[in-house]
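Per this note's numbering, the sequence shown runs over residues 7 to 117.
Cβ atoms here follow ideal geometry from the backbone N, Cα and C, with glycine treated the same way.
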Amino acid sequence: MKHKKVELVKERGRWSAKSKRDAVLRLLRGEDLDTVSRESKVTAAKLTEWREAFLASGMAGLKARETDARDEEIERLKAVLGEMTMRCELQRDAIRRLKAGPPVDETRLPK
């Protein structure tokens, strides 16, 4: 199976994401690690690191699930809970002030 040689392009001292992806895809398609390493002028260790990162990211993408109506309901309920919590805190503060009694107007006190 003949593969097209992909040239890696460096961007400011780093490899571009596209170049890394192309090298990793060559490995995943069965090309020899040493061959890809030699042709792309990247160490085998670095290619292996890129491949592992690529596969790990792919797994994360597969684990993610799409949102559904339940997620929307959960978000709505969180907003309602937040509002109710804020109201309770305001009411507790008002009760504390009422229990403390009315503020004293020192200008009306006898001298």
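| Check | Outcome |
| --- | --- |
| Taking the alpha helix (DSSP H) that E45 falls in, what are its first and last residues? | L39 to S46 |
| Give every residue of the same chain whose Cβ lies closer than 7 Å to the Cβ of R98, excluding the five residues on either side of it in the sequence, and list them in chain order. | none |
| Check each candidate in E37, A70 and E72 and name the one with the smallest Cα separation from R57. | E37 |
| Have a look at R20 and L96 and give me their C-alpha separation to the nearest angstrom. | 54 Å |
| Can you find the residues in the same chain that come closer than 8 Å, C-beta to C-beta, to L61, ignoring five residues on each side of it along the sequence? | none |
| Would you call the region 20–34 and the region 44–59 touching, i.e. three or more CB-CB distances under 8 Å? | yes |
| Is DSSP giving R93 helix, strand or coil here? | helix |
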